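A.B. asks: Quick one: this structure, given as structure tokens, is what I'll be asking you about.
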Amino acid sequence: MLRRIRENIDAIFDQDPAARSRLEVVLCYPGFHAVTLHQLSHMLWTHDFYTLARCVSHFSRVWTGIEIHPGATLGRRVFIDHGMGVVVGETTIIGDDVTIYQGVTLGAGAAARMGSATRGTKRHPTLGNGVVVGSGAEIQGDIMVGDNVRIASGSILLKDVPDNSVVVGVPGRVIYRDGQKVKDEVPDIEAEAIKSLKDKVRKLEKQLQSVTACIESLQLSTPVAPVNEEEEAPTSPTSTDPVDVFLHGAGI
Numbered sequence: 006m007l008r009r010i011r012e013n014i015d016a017i018f019d020q021d022p023a024a025r026s027r028l029e030v031v032l033c034y035p036g037f038h039a040v041t042l043h044q045l046s047h048m049l050w051t052h053d054f055y056t057l058a059r060c061v062s063h064f065s066r067v068w069t070g071i072e073i074h075p076g077a078t079l080g081r082r083v084f085i086d087h088g089m090g091v092v093v094g095e096t097t098i099i100g101d102d103v104t105i106y107q108g109v110t111l112g113a114g115a116a117a118r119m120g121s122a123t124r125g126t127k128r129h130p131t132l133g134n135g136v137v138v139g140s141g142a143e144i145q146g147d148i149m150v151g152d153n154v155r156i157a158s159g160s161i162l163l164k165d166v167p168d169n170s171v172v173v174g175v176p177g178r179v180i181y182r183d184g185q186k187v188k189d190e191v192p193d194i195e196a197e198a199i200k201s202l203k204d205k206v207r208k209l210e211k212q213l214q215s216v217t218a219c220i221e222s223l224q225l226s227t228p229v230a231p232v233n234e235e236e237e238a239p240t241s242p243t244s245t246d247p248v249d250v251f252l253h254g255a256g257i
């Protein structure tokens with residue numbers, strides 16, 4: 006346990022340029038305090054001292070603002086930077102050399118709404134080695150996040166992520182894998198709607214040019230009778246047209 010504590014101190018001192026000394030890390034870093042107290046609470050938890058483990062965890066939460074369930078499994082050199090508002094659920098597994106920023110939730114997702122029916126099951130995510138989770142991100146459910154994954158701030162991740170990936174957005178999607186940009190599999194509703202509008206405008210311009218050319222060729226001498234504009238019937242909300250999908254709530 007002492008060896009792991011020294012490892013954590015060295016890891017924080019090496020990663021955070023704001024740290025001026027190892028003594029400062031020991032005295033002033035809530036992430037270090039939370040991880041160290043979790044080692045104690047987790048040891049108690051694994052020896053079936055559940056209530057005492059929860060008491061230690063609760064004290065850590067009050068002191069640091071970081072909530073780590075004593076049943077969670079943390080690897081070596083886990084660095085929780087700033088830390089306020091971090092929540093780590095009971096069946097979470099975190100690998101080595103993971104960095105977690107403030108406001109991150111490693112939660113149970115849909116399993117949390119099923120209550121005691123899911124007690125004793127794996128409900129929370131598993132993070133591989135070298136993962137970085139940006140501030141305010143959420144990783145929900147029993148999913149696997151591979152090694153060396155970067156999760157952008159504010160992302161909500163609901164499915165497995167392969168190794169060496171970059172994840173952004175709500176819901177989270179992989180935009181880079183092994184250093185190569187990945188084609189977005191999630192449709193961009195706003196972009197599709199704008200593209201559809203541009204196509205319709207282009208068609209209308211061609212029709213207008215055709216009508217103008219026809220009028221000029223006929224050399225009409227009488228004014229064209231105005232066309233009565235009738236109120237356009239409302240579009241069915243079940244239309245599959247991207248513009249209709251956008252206007253009926255998917256994009257607004």
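The sequence shown maps to residues 6 to 257 in this note's numbering. In this text, a Cβ means the ideal position worked out from N, Cα and C, and glycines have one as well. No experiment lies behind these values; they were computed from the predicted model shown.
Does the beta-carbon distance from Leu163 to Gly139 come in below 8 Å?
C.D. replies: The residue given as residue 163 occupies position 158 in the sequence shown. The residue given as residue 139 occupies position 134 in the sequence shown. Cβ distance not < 8 Å, so Leu163 and Gly139 don't count as in contact.
A.B. asks: For Asn169, collect the residues of the same chain with a Cβ closer than 6 Å to its Cβ; drop the 5 residues on either side in sequence, then sort them by chain order.
C.D. replies: By 1-based counting over the sequence shown, the position of residue 169 is 164. Counting only Cβ-Cβ distances below 6 Å, and skipping sequence neighbours, we find Asn153 and Asp183.
A.B. asks: Could you tell me which residues DSSP pairs with Tyr181 in its beta bridges?
C.D. replies: Your numbering for residue 181 matches position 176 in the sequence shown. For Tyr181, which the question treats as bridged, DSSP gives the partners Val171 and Lys186.
A.B. asks: Please classify Thr56: does DSSP put it in a helix, a strand, or coil?
C.D. replies: Here residue 56 corresponds to residue number 51 of the sequence shown, with the count starting at 1. Helix, per DSSP.
A.B. asks: Helix, strand or coil: how does DSSP classify Met6 here?
C.D. replies: On the sequence shown, position 1 is the one that residue 6 refers to. In this structure, Met6 counts as coil in the three-state DSSP scheme.
A.B. asks: Can you round the beta-carbon distance between Ile105 and Ile85 to whole angstroms, since I take them to be within the 8 Å contact cut?
C.D. replies: Counted from its first residue, the sequence shown places residue 105 at position 100. Counted from its first residue, the sequence shown places residue 85 at position 80. Sure, about 5 Å apart at Cβ, within 8 Å.
A.B. asks: Which whole-angstrom value describes the C-beta separation of Val92 and Leu111, a residue pair presumed to lie in contact below a C-beta threshold of 8 Å?
C.D. replies: As a working mapping, residue 92 is identified with position 87 in the sequence shown. As a working mapping, residue 111 is identified with position 106 in the sequence shown. Confirmed, Cβ separation roughly 7 Å.
A.B. asks: So Gly90 and Gly70 are supposed to be a Cβ contact under 8 Å. How far apart are they, rounded?
C.D. replies: If you number the sequence shown from 1, residue 90 lands on position 85. If you number the sequence shown from 1, residue 70 lands on position 65. Yes, they are in contact, since the Cβ atoms of Gly90 and Gly70 sit about 6 Å apart, within 8 Å.
A.B. asks: Between which residues of its own chain and Ala113 is the CB-CB distance below 6 Å, once the five residues before and five after are set aside?
C.D. replies: Translated into positions along the sequence shown, residue 113 becomes position 108. Excluding residues within five positions, the ones whose Cβ falls inside 6 Å are Gly94, Arg128 and His129.
A.B. asks: Would Tyr181 and Val175 qualify as a contact pair, given that the criterion is a beta-carbon distance under 8 Å?
C.D. replies: The sequence position of residue 181 within the sequence shown is 176, counting from 1. The sequence position of residue 175 within the sequence shown is 170, counting from 1. No; because the gap between Cβ atoms is not below 8 Å, this pair is not in contact.
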